[in-house]
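Participant: If you're matching positions, the sequence shown starts at 741 in our numbering and goes up one per residue.
I am attaching a structure below and will ask some questions about it afterwards.
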Amino acid sequence: MRALYRLSDAFDRIPRKHGASVARHGMRRATRGAPAVAARQHGVAALEFALVLSVLLLMLGGIVGLSGMVWVQQKLTGAATEGVRAMLDSKLSGAIDTTVACRVARDSVTWMTIGCAAAQKPCTWSGGASNPTVQCATVSLTYDTGAWPVLAIMRKLSQTLWRSSWVPQTMTANAVVQIQETL
741 MRALYRLSDA FDRIPRKHGA SVARHGMRRA TRGAPAVAAR QHGVAALEFA
791 LVLSVLLLML GGIVGLSGMV WVQQKLTGAA TEGVRAMLDS KLSGAIDTTV
841 ACRVARDSVT WMTIGCAAAQ KPCTWSGGAS NPTVQCATVS LTYDTGAWPV
891 LAIMRKLSQT LWRSSWVPQT MTANAVVQIQ ETL
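Dropping the structure here:
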């Protein structure tokens with residue numbers, strides 16, 4: 741048995757690369773410290789994950805907030821367009837009715853509480869030399885972004901982190917249509 745031990749001990753002391761020999765006990769000492777280093781690495785990995793996750797969540801929140809603002813602006817512009825079309829169509833039955841424009845605009849976006857102002861105003865048109873002033877139908881819509889929780893949270897978050905709000909307090913949309921004169 742002793743001879744077998746001597747043989748394995750001699751095998752372990754065979755010179756390795758660059759003339760260095762590795763003792764069996766030296767390898768054991770090197771592996772004893774490895775689990776402690778690996779355990780410390782798990783804590784570092786968790787910390788890195790937490791930092792990266794928080795940055796990714798902030799970016800995701802920014803994307804959701806910006807997308808929400810674009811979506812609300814698109815809906816508001818579409819509602820103003822529908823309102824001014826309804827106002828123009830009301831002229832076919834006689835005089836222009838401005839209340840129809842606001843009713844149709846509000847019906848287009850029932851989930852939003854919007855402010856509406858519709859009017860018939862003179863407007864200049866650069867294409868007509870003989871009649872520079874024509875009548876136009878205008879619809880202006882406003883929406884308080886604090887009424888929608890997603891945008892309210894985004895505004896508070898931007899004020900907290902950057903001391904300024906990139907989410908506006910109100911969003912507006914305007915639509916203008918020229919009223920054709922009867923022939």
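Note that the Cβ used here is the ideal one computed from N, Cα and C, for glycine as well.
Start and end of the beta strand (DSSP E) containing residue 838?
Facilitator: As a first step, residue 838 is located in the sequence shown; it is residue number 98 there, counting from the start. Careful: residue 838 lies outside any beta strand (DSSP E), inside the alpha helix (DSSP H) at 838-848.
Participant: What's the C-alpha gap between residue 770 and residue 790?
Facilitator: As a working note, residue 770 is residue 30 in the sequence shown. As a working note, residue 790 is residue 50 in the sequence shown. Any reading at residue 770 is ruled out, since the residue's pLDDT is 49, under 50, leaving its predicted position unreliable.
Participant: Tell me residue 918's beta-bridge partners as DSSP assigns them.
Facilitator: Along the sequence shown, one-based indexing puts residue 918 at 178. In DSSP, residue 918 forms a bridge with 876.
Participant: I want to know whether the segment 801-813 touches the segment 889-900 - three or more CB-CB distances under 8 Å.
Facilitator: With a cut-off of 8 Å, the segment 889-900 and the segment 801-813 count as touching, because enough Cβ pairs lie within range.
Participant: I'd like to confirm the pairing. Which residues does DSSP put opposite residue 860 in its beta bridges?
Facilitator: Taking the sequence shown and counting its residues from 1, one reaches residue 860 at position 120. DSSP lists 877 as partners of residue 860.
Participant: Work out the CA separation of residue 810 and residue 787 for me, nearest whole Å.
Facilitator: Taking the first residue of the sequence shown as 1, we reach residue 787 at position 47. Taking the first residue of the sequence shown as 1, we reach residue 810 at position 70. So the two alpha carbons sit approximately 35 Å from each other.
Participant: Please return the same chain residues whose Cβ sits closer than 8 Å to the Cβ of residue 904, not counting the five positions on each side in sequence.
Facilitator: Here residue 904 refers to the residue found at position 164 of the sequence shown. Result list for residue 904: 898, in chain order.
Participant: Tell me whether residue 853 sits in a helix, a strand or coil according to DSSP, three-state version.
Facilitator: One-based indexing of the sequence shown puts residue 853 at position 113. Coil at residue 853, not helix or strand.
Participant: Less than 6 Å between C-beta atoms, sequence neighbours within five positions excluded: which residues of the same chain meet that for residue 893?
Facilitator: What you label residue 893 is simply residue 153 of the sequence shown in a count that begins at 1. Excluding positions up to five away in sequence, the list is empty.
Participant: Count the other CB atoms within 10 Å of the CB of residue 798; is the residue buried (16 or more) or exposed (fewer)?
Facilitator: Residue 798 sits at position 58 when you count from the first residue of the sequence shown. It counts as exposed.
Participant: Give the straight-line distance between the Cα atoms of residue 862 and residue 831, rounded to the nearest whole angstrom.
Facilitator: Position 122 of the sequence shown, counted from the first residue, corresponds to residue 862. Position 91 of the sequence shown, counted from the first residue, corresponds to residue 831. Rounded to the nearest angstrom, the two C-alpha atoms are 16 Å apart.
Participant: For residue 766, count the other beta carbons within 10 Å of its own beta carbon; 16 or more makes it buried, fewer makes it exposed. Which is it?
Facilitator: Counting from one through the sequence shown, the residue named residue 766 turns up at place 26. Its pLDDT being 49, under 50, residue 766 is placed unreliably by the model, and the measurement read from it follows with that caveat. Flag for residue 766 reads exposed.
Participant: Taking Cβ positions, are residue 828 and residue 877 nearer each other than 9 Å?
Facilitator: Counting from 1 along the sequence shown, the entry for residue 828 is found at position 88. Counting from 1 along the sequence shown, the entry for residue 877 is found at position 137. Yes. Within cutoff.
Participant: Can you give me the C-alpha to C-alpha distance between residue 819 and residue 796, rounded to a whole angstrom?
Facilitator: On the sequence shown, residue 819 is found 79 positions in, with the first residue counted as 1. On the sequence shown, residue 796 is found 56 positions in, with the first residue counted as 1. The alpha-carbon atoms of residue 819 and residue 796 are separated by roughly 34 Å.
Participant: Under 9 Å between the Cβ atoms of residue 912 and residue 806?
Facilitator: Looking up residue 912 in the sequence shown gives position 172. Looking up residue 806 in the sequence shown gives position 66. Against a cut-off of 9 Å, the Cβ pair of residue 806 and residue 912 comes out as no contact.
Participant: Starting from residue 884, follow its DSSP beta bridges and name the residues at the other end.
Facilitator: Here residue 884 corresponds to residue number 144 of the sequence shown, with the count starting at 1. Its beta-bridge partners are 910.
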